[in-house]
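Shown next, in structure tokens, is the structure this report addresses.
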Amino acid sequence: MHTRASNAEDPFVTHLRQIEATERDKWVSADEACTKAAYYVNELRQRLVEAERELAAAEQEHTVAAERLAVVREIIADAERLLTQPDRDTTGGTEAEQPDQPKPRASSPGHSTHDAGPAAAPTVRALVLEALADGKATQLSSIRAHVQRGRPQTPPNSVRSTIRTLCDRGQVALLGRATYRLVPLEAHT
């Protein structure tokens, strides 16, 4: 057996050091790539957070716009009803012959059967509260159906935004996914 005194001069050790240097260079390149990728991931996360904020703001604007659109449509419908009302009075028809004539709703808050003029259709808010009046858990689909019976032209997103507003004011409680209940009066006064 032959033992060498200097391992540094050994061609095999020199070859291994070359392999080490090559692998170290690969590791440095991979480390730089990981650092760069982590930077991009963090940047994308920040952009995602900003985009989610922008989306939330846009959804809020959409909700407000839908509410305003629903109010404008209600006003237009009321105005059209008022404009066509004199024509009906001059025809001399009976109440049974005038199916489009809105009927007073005794159960709606704010509407009296003793009003002198024609009864206006109840608001979306009033219909939502009416649908929840029993105090029981009610599905969103049932609330929408109730509102559609009272105001057929009401878009579904208007019902949802009205419920959201009532929830924000503490008048309605969200019990679960699309399930709501009227909050007792003493709880939110």
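The opening residue of the sequence shown carries number 50 in the numbering used here; numbering runs sequentially from there.
All C-beta atoms, glycine included, are put in the ideal place defined by N, C-alpha and C.
This one's a predicted model, so the numbers in the text were calculated from it and none came from an experiment.
Residue j beta carbon less than 8 Å from that of residue i
i: Ala180; j: Thr187; result: yes
i: Ala170; j: Arg200; result: yes
i: Leu131; j: Val177; result: no
i: Ser210; j: Glu116; result: yes
i: Thr84; j: Arg213; result: no
i: Leu234; j: Val221; result: no
Assigned secondary structure, residue i (DSSP; H/G/I helix, E/B strand, else coil)
i: Phe61; result: helix
i: Pro205; result: helix
i: Thr112; result: helix
i: Ala180; result: helix
i: Ala169; result: coil
i: Lys185; result: coil
i: Arg73; result: helix
i: Arg213; result: helix
i: Arg218; result: coil
i: Arg66; result: helix
Span of the beta strand (DSSP E) around residue i
i: Ala222; result: Val221 to Gly225
Delimiting residues of the alpha helix (DSSP H) encompassing residue i
i: Leu231; result: Here Leu231 belongs to no alpha helix (DSSP H); instead the beta strand (DSSP E) covers Thr228 to Leu231.
i: Glu235; result: Per DSSP, Glu235 belongs to no alpha helix (DSSP H) and is neither H nor E.
i: Arg198; result: Leu189 to Gly199
Legend entry - Cβ contact check for the region 97–110 and the region 199–209: 3 or more pairs under 8 Å: No: fewer than three Cβ pairs fall under 8 Å.
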